[in-house]
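Here is the structure we will look at, set down as structure tokens.
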Amino acid sequence: MRRVLATLAIAAALAAGAARAEDLAAGISRDKIEITSSFTGTDVVVFGAIELESGEALPATEMRDVVVVIRSDKPYLVTVRKKDQVGPIWMNRDQRRFAGVPGYYFLSSTRPLKDIASAEVLEQFEIGLDRIALGPAPGAIGGPREFREAILRTKMTQDLYSQHEGAVSFLSGSLFRTTVALPPNVPAGHLKVLVYAFADGQVTSSSTMTLFIDKTGIERGLSEFAHHWPLFYGLAAVLLSALAGFLASLAFRERH
Amino acid sequence: MQIYLPIAEMPVNIFLIIGLGAAVGFLSGMFGVGGGFILTPFLMFWGIPPAVAVATQSTQIVASSVSGVLTHWRKGNVDFKMGGVLLGGGLVGSVLGIQLFNALKAAGQADLFISLSYVIFLGSIGGLMFWESLQAVRHGGSSVGSARREPGGHYWVHGWPLKMRFHRSKLYISAIPPALLGVLIGLLAVVMGIGGGFILVPAMIYLLRMPTAIVVGTSLFQIIFVAAFSTLLHAITNQSVDAILAVLLILGGVFGAQFGVRYGERLRSDWLRLCLAALVLMICLRLGVDLVLPPTDPFNLIVEGLE
Numbered sequence: 005m006r007r008v009l010a011t012l013a014i015a016a017a018l019a020a021g022a023a024r025a026e027d028l029a030a031g032i033s034r035d036k037i038e039i040t041s042s043f044t045g046t047d048v049v050v051f052g053a054i055e056l057e058s059g060e061a062l063p064a065t066e067m068r069d070v071v072v073v074i075r076s077d078k079p080y081l082v083t084v085r086k087k088d089q090v091g092p093i094w095m096n097r098d099q100r101r102f103a104g105v106p107g108y109y110f111l112s113s114t115r116p117l118k119d120i121a122s123a124e125v126l127e128q129f130e131i132g133l134d135r136i137a138l139g140p141a142p143g144a145i146g147g148p149r150e151f152r153e154a155i156l157r158t159k160m161t162q163d164l165y166s167q168h169e170g171a172v173s174f175l176s177g178s179l180f181r182t183t184v185a186l187p188p189n190v191p192a193g194h195l196k197v198l199v200y201a202f203a204d205g206q207v208t209s210s211s212t213m214t215l216f217i218d219k220t221g222i223e224r225g226l227s228e229f230a231h232h233w234p235l236f237y238g239l240a241a242v243l244l245s246a247l248a249g250f251l252a253s254l255a256f257r258e259r260h
Numbered sequence: 067m068q069i070y071l072p073i074a075e076m077p078v079n080i081f082l083i084i085g086l087g088a089a090v091g092f093l094s095g096m097f098g099v100g101g102g103f104i105l106t107p108f109l110m111f112w113g114i115p116p117a118v119a120v121a122t123q124s125t126q127i128v129a130s131s132v133s134g135v136l137t138h139w140r141k142g143n144v145d146f147k148m149g150g151v152l153l154g155g156g157l158v159g160s161v162l163g164i165q166l167f168n169a170l171k172a173a174g175q176a177d178l179f180i181s182l183s184y185v186i187f188l189g190s191i192g193g194l195m196f197w198e199s200l201q202a203v204r205h206g207g208s209s210v211g212s213a214r215r216e217p218g219g220h221y222w223v224h225g226w227p228l229k230m231r232f233h234r235s236k237l238y239i240s241a242i243p244p245a246l247l248g249v250l251i252g253l254l255a256v257v258m259g260i261g262g263g264f265i266l267v268p269a270m271i272y273l274l275r276m277p278t279a280i281v282v283g284t285s286l287f288q289i290i291f292v293a294a295f296s297t298l299l300h301a302i303t304n305q306s307v308d309a310i311l312a313v314l315l316i317l318g319g320v321f322g323a324q325f326g327v328r329y330g331e332r333l334r335s336d337w338l339r340l341c342l343a344a345l346v347l348m349i350c351l352r353l354g355v356d357l358v359l360p361p362t363d364p365f366n367l368i369v370e371g372l373e
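Chains as they are written, first to last, in the working numbering: chain D, 5 to 260; chain R, 67 to 373.
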């Protein structure tokens, strides 16, 4: 629902800004990252230019703010449990289930978000860590904010969520760039790269790209084997383990 | 040097994991314990997702117990008949265990139950064993098996029907106590996610009165099957066995186990029991402290999967 609203809002904003219609042309230094056995994270540069639809540069009086959001396409279901003290023992007491939890969320902006647009506008586009639309899972009830905050806090310590206000820089009046340090544990799959230009607290133009994180070589082969033929994968794991144990005892017998 | 784990979806330090495998393999070969109760928390400490840690450590246990059993077997230190009876009971126990585990999971208290049963089992077994072996060490190293088993001596386990002769263990006892022990181990193996060696080893020494040397090999024999079953179950239901992580752990584990067996032999059996008791008590203490100390973050996340 919120996605639809966001799309409508962009359309409305673009219609309203028709007088000064502009284009946001954005690019990404690599649109496919291959995870190999030596993958330890990588840097990606998101860049772009804002110009008038006519192709002319923006007038020098027109200032824009840029926000870059990178998030995983598919949301996860997550259960948050809270420990409380019962007698001398800490045990799980309260729990909440959440839907719509992105596996990865990165945000970079020219200035602090609160200076760029109002909370309502940011909310529409899910811009900002504290505005990710985490909702109760189907059939679950909502709960205190602390459960939601626990998700953000945990994901931040794992480097999966991050927010860098002021990290988008303008090279000239209309050219901007920002560097994204993808962590080594970034989930494989498609990431959405969303770029928004703001003026006077409204989105004036936007652009969407896809960044594909793909396992290759042996990593991909093993992962597909594990998921498509789980029984054989399990049997192979057991047999190889037993074989390794057997070989080790042989190797040691000869030396003894 | 880092290597990327395809199932855990994160890189780890190769040497760290091999070293960890070797250390756990050493304990496994020496004491006849699987080592899963040490390995899993360590892997999780380094950020491996719990499901992957639990599933993958069982492959390492298969490898190091096979490695250890073969070495013990060549020395005539495995009682396959006793192992078979234990295993038969173990199968029954694991079927019961799956039902108990599902009931606990539905109540959201599986973790607490696991920790509490660890503390209770480890504490009582470790405590008794520590006391007994300390006495034995003080009185000049008589082993339980030889010192207390006078010819024709009878204990409560000896009065039961269905008597069987276990040549290797030099026992002529009812098959019921080892089978019941097997049921208990199978049940705990499923519920607690362990091979059960640290319970099985003391039980064989003190309840069945088997010679310490035979106990270690026989326990490892039993653990191979429990761990293999567990690996298969995890691979099928969660697809969480990480082959690369397994290879690294096994590489360290199989060699560690070989050194463990050899070092264990040189140790007097009362000292061996004392060391195992100390290890069990340390783990018990750690888990107990974790239950009582306020957690650094009272919240914990369980990612259930894609929507």
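Ideal Cβ placement from N, Cα and C applies to all residues, glycine included.
C-beta neighbour in chain D for residue i, strict 8 Å
i       : result
F321(R) : yes
Q68(R)  : yes
P107(R) : no
R140(R) : yes
D177(R) : yes
V128(R) : yes
N79(R)  : no
G150(R) : no
S285(R) : no
T362(R) : no
Cβ-based burial, residue i [other Cβ within 10 Å; buried from 16]
i       : result
I300(R) : As written in the sequence, residue 300(R) is His, which differs from the Ile given in the question. Classification of H300(R): buried, given that the 10 Å Cβ count is 16 or more.
T359(R) : Here the sequence assigns Leu to residue 359(R), which means Thr is not the residue at that position. Classification for L359(R): exposed.
G218(R) : Any reading at G218(R) must be qualified, since the residue scores a pLDDT of 43, below 50, and its modelled position is unreliable; the value itself is stated next. Answer is exposed; the Cβ neighbour count stays below 16.
I217(D) : buried
M276(R) : buried
R263(D) : Because residue 263(D) is not part of the residues shown, which for chain D are 5 to 260, the question remains open.
V161(R) : exposed
I127(R) : buried
V90(D)  : exposed
R231(R) : exposed
F295(R) : buried
Q165(R) : exposed
S58(D)  : exposed
L194(R) : exposed
K36(D)  : exposed
Closer than 8 Å to chain R by CB, residue i
i       : result
S166(D) : no
P234(D) : yes
T65(D)  : no
I74(D)  : no
M213(D) : no
M95(D)  : yes
E223(D) : yes
A137(D) : no
L111(D) : no
F216(D) : no
L239(D) : yes
For residue i, the three-state DSSP class (helix, strand or coil)
i       : result
V307(R) : coil
P116(R) : helix
W139(R) : helix
H194(D) : strand
W337(R) : helix
W94(D)  : strand
L237(R) : strand
Y80(D)  : strand
R275(R) : coil
P243(R) : helix
* Mind listing which residues of the stretch 139-156 of chain D have their C-beta closer than 8 Å to chain R's C-betas, in chain order? -> E150, F151, A154 and I155
TODO: Could you please tell me which residues of the stretch 183-197 of chain D, in chain order, have their CB closer than 7 Å to any CB of chain R?
DONE: P188, N189, P191 and A192
I'd like to know if the stretch 105-112 of chain D and the stretch 222-230 of chain D are in contact, where contact means that at least 3 CB-CB pairs between them fall below 8 Å. no
* Asked: For the 8 Å Cβ check, are there 3 or more pairs between the stretch 138-155 of chain R and the stretch 241-249 of chain R?
  -> yes
query = Counting pairs of Cβ atoms below 8 Å between the stretch 49-61 of chain D and the stretch 154-164 of chain D, do you hit three or more?
reply = These segments do not touch.
### Query
If you pair each beta-carbon of the stretch 107-126 of chain R with each one of the stretch 300-311 of chain R, do three or more pairs fall below 8 Å?
yes
Report task. Say whether the stretch 241-251 of chain D touches the stretch 78-93 of chain R, bearing in mind that this needs 3 or more beta-carbon pairs closer than 8 Å, one atom from each stretch. Result -> no
The stretch 288-303 of chain R: which residues have C-beta closer than 7 Å to a C-beta of chain D, in chain order?
A294, T297, L298, A301 and I302
| said: Contact between the stretch 313-330 of chain R and the stretch 94-107 of chain R is defined here as three or more beta-carbon pairs at a separation below 8 Å; is this criterion met? | reply: yes
### Message
Count Cβ pairs between the stretch 186-205 of chain D and the stretch 140-156 of chain D that sit closer than 8 Å; are there 3 or more?
### Response
no
message = Under 9 Å, CB to CB, which of the residues in the stretch 39-73 of chain D have a partner in chain R?
response = I39, T40, S41, S42, F43, T44 and G45
Stretch-stretch touch, CB-based, cutoff 8 Å, three pairs: the stretch 337-354 of chain R with the stretch 79-90 of chain R: no
inquiry  = For the stretch 77-92 of chain D, list every residue whose C-beta sits within 8 Å of some C-beta in chain R, in sequence order.
reply    = In summary, the residues of the stretch 77-92 of chain D whose CB is separated from some CB of chain R by less than 8 Å are K78, P79, Y80, L81, V82, T83, V84, R85, K86, K87, D88, Q89 and P92, in the order they occur in the chain.
Flag this pair as touching only if the stretch 110-124 of chain D and the stretch 166-182 of chain D have three or more C-beta atom pairs under 8 Å; answer yes or no. yes
| request: Identify each residue in the stretch 325-341 of chain R for which the Cβ-Cβ distance to at least one residue of chain D is less than 8 Å, and report them in chain order. | output: Taking 8 Å as the upper bound on Cβ-Cβ separation, chain D lies near no residue of the stretch 325-341 of chain R.
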